[in-house]
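Asks: Below you'll find the structure I mean.
Residue numbers (our numbering): 27 to 343.
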């Protein structure tokens, strides 16, 4: 896909200021969508129309990126060969989703990435190209706001980030014995798409509160609590102060401000007990309970699920 090659070219031009993209072509594909010269799956039903659109898009990309070569005929032949199979799997998702809702079906929508990678609300420009927040449920599926019932926020018991961008509570991996090393190795923190090591740090409640404000979570799924096992003390980032010492009441709109801020921490005692077999809140060590309850108190949203191990059923509900 030439969007992938364009993605790589754009990232390389940024040099030390690179975004940290996966180079999968996502950003350039969204750019084509917003530029109104992109292709839609439904276009495959009328292949002559698809072909004319494809040729125009390929020509635009080659003119915009000197040196980019696209084998238009080969790609059109590929799409012609798969168009039948794709059409068989394609439906009007707006009609399908809403009809399913009317029919009493339960619909679960899963969002990827995170609120702080949202193109509008995240740490721009170090973000993804879409809106991984609750608004995309409406714009992505074509359902009305009144159809949404529960909104569940999934968050780790600590903070991670893959790629570039500001990370106020980051604890760099300084080798065995460091908090960053512990979180990264015990938590197996590697990017799903790229395999890159994720950056790790203490839980950032300021970012969680901002995410909660945007998404309106009705309850929280707190995952990977077990990764904190073995740390003597735990810290929760619960406030930001700007370079001049003033307290920040929301996420900074300017990345320079965010890169220079100071985090105010609250310290809690850790635990050493294995919690992977816990299946009720009362089974958790006292200090683990204290940590969960404090997070719940700071967010003002109930924690319904707690992840206590790497397996699907390692959950306190």
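By construction, the Cβ of each residue, glycine as well, lies at the ideal position given by its N, Cα and C atoms.
Keep in mind the model is a prediction, meaning the values are calculated, not measured.
Considering just the uninterrupted stretch of the beta strand (DSSP E) at residue 329, what are its terminal residues?
Replies: Residue range 329-333 is occupied by the beta strand (DSSP E) that includes residue 329.
Asks: In angstroms, rounded to a whole number, what distance separates the CA positions of residue 233 and residue 142?
Replies: 7 Å
Asks: Would you identify the three-state DSSP class for residue 153, choosing helix, strand or coil?
Replies: coil
Asks: Only counting the same chain, and skipping five residues up and downstream in sequence, which positions put a Cβ closer than 7 Å to that of residue 73?
Replies: 106 and 109
Asks: Using CA coordinates, which residue listed in 181, 200 and 193 is at the minimum distance from residue 243?
Replies: When only C-alpha atoms are compared, the closest one is 181.
Asks: Along the alpha helix (DSSP H) that carries residue 13, what are the first and last residues, could you check?
Replies: With the chain running from 27 to 343 in the structure shown, residue 13 is simply not present.
Asks: Which runs of the beta strand (DSSP E) fall wholly inside the segment 100-183 and span at least 3 residues, in chain order?
Replies: 178-182
Asks: Using 8 Å as the cut-off, can you tell me whether the segment 290-299 makes contact with the segment 255-274, which would need three or more C-beta pairs spanning the two stretches below that distance?
Replies: yes
Asks: Within the same chain, show all residues whose beta-carbon is closer than 8 Å to that of residue 67, passing over the 5 residues directly before and after it, in chain order.
Replies: 112 and 116
Asks: Is residue 149 closer than 8 Å to residue 194 when the C-beta atoms are compared?
Replies: no
Asks: Compare the C-alpha of residue 273 against each of 75, 317, 300 and 290 and name the closest.
Replies: 290
Asks: Tell me, please, which residues DSSP counts as bridged to residue 223.
Replies: 216
Asks: Tell me residue 230's beta-bridge partners as DSSP assigns them.
Replies: 263
Asks: Which of helix, strand or coil does DSSP assign to residue 37?
Replies: Helix at residue 37.
Asks: Classify residue 100 as buried or exposed, calling it buried when 16 or more other Cβ atoms lie within 10 Å of its own Cβ.
Replies: exposed
Asks: With C-beta atoms as the reference, is residue 46 less than 8 Å away from residue 32?
Replies: Their beta carbons are not under 8 Å apart, which means residue 46 does not touch residue 32 by this criterion.
Asks: Roughly how many angstroms separate the alpha carbons of residue 70 and residue 322, rounded to a whole number?
Replies: 48 Å
Asks: Kindly confirm or deny that the segment 299-307 and the segment 220-236 touch, where touching means at least three C-beta pairs closer than 8 Å.
Replies: The answer is no - the segment 220-236 does not touch the segment 299-307, with fewer than three Cβ pairs under 8 Å.
Asks: Quick check on this structure: which residue in 278, 316, 240 and 98 has the alpha carbon closest to the alpha carbon of residue 162?
Replies: 240
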